[in-house]
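Worksheet for the structure shown next.
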Amino acid sequence: MGIQHICILGGGTAGWMTAAALSHKLQKSGISIGLVESEQIGTVGVGEATLPHIRYFNRALGINEAEFMKATNATFKLGIEFCDWGRVGDSYIHPFGDFGKPVRNIEFYHYWNRLRLSGHDVGLDEYSYAVMAAEHGKFHLPDSDTKKIESTFSYAYQFDSSLYADFLRAFAEHRGVKRTEGRVIEVQQDNATGHITRLKLDSGEYIAGDLFIDCSGFRGLLIEQKLSAGYEDWSEWLPCNRAIAVPCEASGKPLPYTRATARKVGWQWRIPLQHRTGNGYVYCSEFVSDDVARETLLGSLEGNILAEPNRLYFKTGRRKKFWDKNVVAVGLSAGFLEPLESTSIHLIQEGITALVELFPNGHANDLDMEEYNLRMELQFERVRDFLLLHYVATQRDDSDMWRYFRNMSLPDSLRSKIEAWLSRGLVPAYERGVFLPPSWIAVFTGQNLLPRGYDPRANLLSRSRISDMAHILRRTVRETISRAPDHSDFIRSYGAAIPELVSGSP
Ligand SMILES: Cc1cc2nc3c(=O)[nH]c(=O)nc-3n(C[C@H](O)[C@H](O)[C@H](O)COP(=O)(O)OP(=O)(O)OC[C@H]3O[C@@H](n4cnc5c(N)ncnc54)[C@H](O)[C@@H]3O)c2cc1C
Numbered sequence: 047m048g049i050q051h052i053c054i055l056g057g058g059t060a061g062w063m064t065a066a067a068l069s070h071k072l073q074k075s076g077i078s079i080g081l082v083e084s085e086q087i088g089t090v091g092v093g094e095a096t097l098p099h100i101r102y103f104n105r106a107l108g109i110n111e112a113e114f115m116k117a118t119n120a121t122f123k124l125g126i127e128f129c130d131w132g133r134v135g136d137s138y139i140h141p142f143g144d145f146g147k148p149v150r151n152i153e154f155y156h157y158w159n160r161l162r163l164s165g166h167d168v169g170l171d172e173y174s175y176a177v178m179a180a181e182h183g184k185f186h187l188p189d190s191d192t193k194k195i196e197s198t199f200s201y202a203y204q205f206d207s208s209l210y211a212d213f214l215r216a217f218a219e220h221r222g223v224k225r226t227e228g229r230v231i232e233v234q235q236d237n238a239t240g241h242i243t244r245l246k247l248d249s250g251e252y253i254a255g256d257l258f259i260d261c262s263g264f265r266g267l268l269i270e271q272k273l274s275a276g277y278e279d280w281s282e283w284l285p286c287n288r289a290i291a292v293p294c295e296a297s298g299k300p301l302p303y304t305r306a307t308a309r310k311v312g313w314q315w316r317i318p319l320q321h322r323t324g325n326g327y328v329y330c331s332e333f334v335s336d337d338v339a340r341e342t343l344l345g346s347l348e349g350n351i352l353a354e355p356n357r358l359y360f361k362t363g364r365r366k367k368f369w370d371k372n373v374v375a376v377g378l379s380a381g382f383l384e385p386l387e388s389t390s391i392h393l394i395q396e397g398i399t400a401l402v403e404l405f406p407n408g409h410a411n412d413l414d415m416e417e418y419n420l421r422m423e424l425q426f427e428r429v430r431d432f433l434l435l436h437y438v439a440t441q442r443d444d445s446d447m448w449r450y451f452r453n454m455s456l457p458d459s460l461r462s463k464i465e466a467w468l469s470r471g472l473v474p475a476y477e478r479g480v481f482l483p484p485s486w487i488a489v490f491t492g493q494n495l496l497p498r499g500y501d502p503r504a505n506l507l508s509r510s511r512i513s514d515m516a517h518i519l520r521r522t523v524r525e526t527i528s529r530a531p532d533h534s535d536f537i538r539s540y541g542a543a544i545p546e547l548v549s550g551s552p
């Protein structure tokens, strides 16, 4: 017997993204999909910054971009500005895009590295279209003509993730997903196989299923509380375990980028939506008290707060098995890495994509399950290494937290990546893993970790030729951006503005 009924537990971002994707992909398959959620329990209610891949998720569902942006108060995002990470006073942008354009199939940063080692002192970011556009508050869609510099970037969104869940709920219900309101109070299993058979709700109703998607958030009601899949704790590397989040009034036009400011202990985010600014402070309870964390956050906001601060507790790491028996964990139930690079919603998307590709055609197939678990393991580990890089590529030692990172022993995968970069500016690319070489290079250079040598392929051109090329590239970036539209104007002209932005406020 194949899968007849899928039951999704949880109606947060993970639950409704899964419901929307499966109802779209499995339409006409005869498989029914149900979703159970409890308004009384609620959702985590944070998560506002995303990665460019979400555009492909929306596009695959046929979602109109302007409508989606209006429904979620979204702005465009060209990257993340990191302040005070390398040294206090430093700042750089990790852009969604390349640095320059390849010449003779060799990435521009290799040439830049050669120039730098012979005295050229222009930063790599001056050759990034996305960085320069972000710094000037400009935005337009990437040009499809790959010869143009305006084609060398990508973008994501900053949005209200609760509204995104509502938007996807309407999408999924329209495609037949049946939502049931209620709290699950008991989970029943088949004695012989250990597979979950049905959920009992507080109303007394039973919800049966052949395949269960656990989107119940941090509690992992099915994957952990019932199946005990286990959790690989990464607090040793990513010790931040608390956050406090609060929205506030915006003080100006929304910027097309997120900001992450390192603090003495932990770091603070700032995410501009169309009508307000999302803020939060992520910290480690071992190094700072909840009260100081709250004061730090509330004392550095740009406008009046719009809601009571929301405190969140977490343990960084990942589920040992993301898919076990007939349960697949998606979202916070699968694991959590702190939101420094806006990766959670992306990991939800990776989970859904892998599930659709490896969808069981009978009872859960062991090979599919192994493949799924392996893929997700890689995704989580590679995100972990990238996040950790921000903490260890630092010259700061002004608190116990920064000293902790300076003395930490790194995962082998990260150590070898740093060594490859320092020796000759090499960043090995993986087939899987969300962050491509330009992302790594942005953090390395932005946090003052610069290579001792350069890739010998950069000798293909003479130094003066490279220097001329770099000069023209920099000028082209600047001139093109000077003609680009302002971010808010673009949102309006694109038909994606909410009334507050249309009327010019903020
Ligand atoms: C501090 C912080 C900042 C973040 N920032 C970002 C960000 O900028 N970008 C990003 O991509 N991600 C971010 N995230 C992550 C993002 O918020 C989550 O990945 C996302 O919201 C998905 O959550 P979820 O749906 O897995 O869980 P939840 O939102 O917790 O939803 C769980 C659902 O399960 C239901 N449920 C639970 N138990 C039961 C039960 N017994 N019976 C019935 N229903 C039940 C609940 O009602 C709810 O509907 C952040 C997370 C944190 C903690």
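Here this note's numbering is used: the first residue of the sequence shown is 47, the next is one more, and so on.
All C-beta atoms, glycine included, are put in the ideal place defined by N, C-alpha and C.
- Between Arg-470 and Asp-501, the C-beta gap is smaller than 8 Å, which places the two residues in contact.
- Straight across, the Cα-Cα distance linking Met-115 with Glu-83 is about 25 Å.
- When DSSP states are grouped into helix, strand and coil, Ala-66 belongs to the helix group.
- Looking only at Ser-281, Ser-174, Pro-293 and Ile-394, the smallest Cα-Cα distance to Glu-525 is reached by Ser-174.
- In terms of CA proximity to Ile-52, Gly-255 leads the group Leu-247, Ala-211, Gly-255 and Arg-357.
- Within the model, the alpha-carbon separation for Ile-54 versus Gln-395 is close to 15 Å.
- In the structure shown, Arg-150 adopts coil according to DSSP, grouped into three states.
- Shortest gap from the CB of Gly-263 to any heavy atom of ligand 1: under 7 Å.
- At a Cβ-Cβ threshold of 8 Å, Gln-425 and Arg-461 do not count as neighbours.
- In this structure, the alpha-carbon of Gln-320 lies about 28 Å from that of Phe-145.
- Taking C-beta separations shorter than 7 Å and ignoring five residues to either side along the sequence, the partners of Leu-347 in its chain run Cys-294 and Asn-325, following chain order.
- Nearest to Asp-279 by alpha-carbon distance, out of Arg-322, Leu-506, His-182 and Gly-381, is Gly-381.
- In this structure, ligand 1 has a non-hydrogen atom nearer than 7 Å to the beta-carbon of Gly-93.
- Boundaries of the beta strand (DSSP E) harbouring Thr-323: 323-329, taken from the DSSP string.
- In this structure Asp-431 does not touch Pro-406 by the C-beta definition: roughly 31 Å separates them, more than the 8 Å allowed.
- Across the structure, Gly-228 and Ser-249 are spaced so that their CA atoms are roughly 7 Å apart.
- Pairing Val-373 with Leu-506 gives a Cβ-Cβ distance that is not under 8 Å.
- With a threshold of 16 other beta carbon atoms within 10 Å, Ser-539 falls short and is exposed.
- Listed as beta-bridge partners of Gln-235 by DSSP are Ile-242.
- Take Lys-361, set aside five residues on each side of it, and the residues of its chain with a beta-carbon closer than 8 Å to its own are Tyr-277, Asp-279, Ser-281, Asn-287 and Phe-382, in chain order.
- Secondary structure note for Gln-204: its beta strand (DSSP E) is the uninterrupted segment 202-204.
- Rounded to whole angstroms, the gap between the alpha carbons of Ile-351 and Pro-318 is 14 Å.
- In this structure, Ser-137 keeps its C-beta atom at 8 Å or more from the C-beta atom of Pro-300.
- Contact between the stretch 62-71 and the stretch 170-190 is absent, with fewer than three C-beta pairs closer than 8 Å.
- In this structure, the straight-line span from the alpha carbon of Ser-390 to that of Arg-511 is close to 43 Å.
- For Ile-487, the closest of Pro-98, Asn-159 and Gly-88 by C-alpha to C-alpha distance is Asn-159.
- A distance below 7 Å between beta-carbons, with the five flanking residues on each side excluded, links His-156 to the following residues of its chain, in chain order: Gly-471, Tyr-500, Asp-501, Arg-503 and Ala-504.
- Within the same chain, and ignoring the five residues on either side of Gln-441 in sequence, the residues whose Cβ sits closer than 7 Å to its Cβ are Gly-132, Arg-133 and Asn-494.
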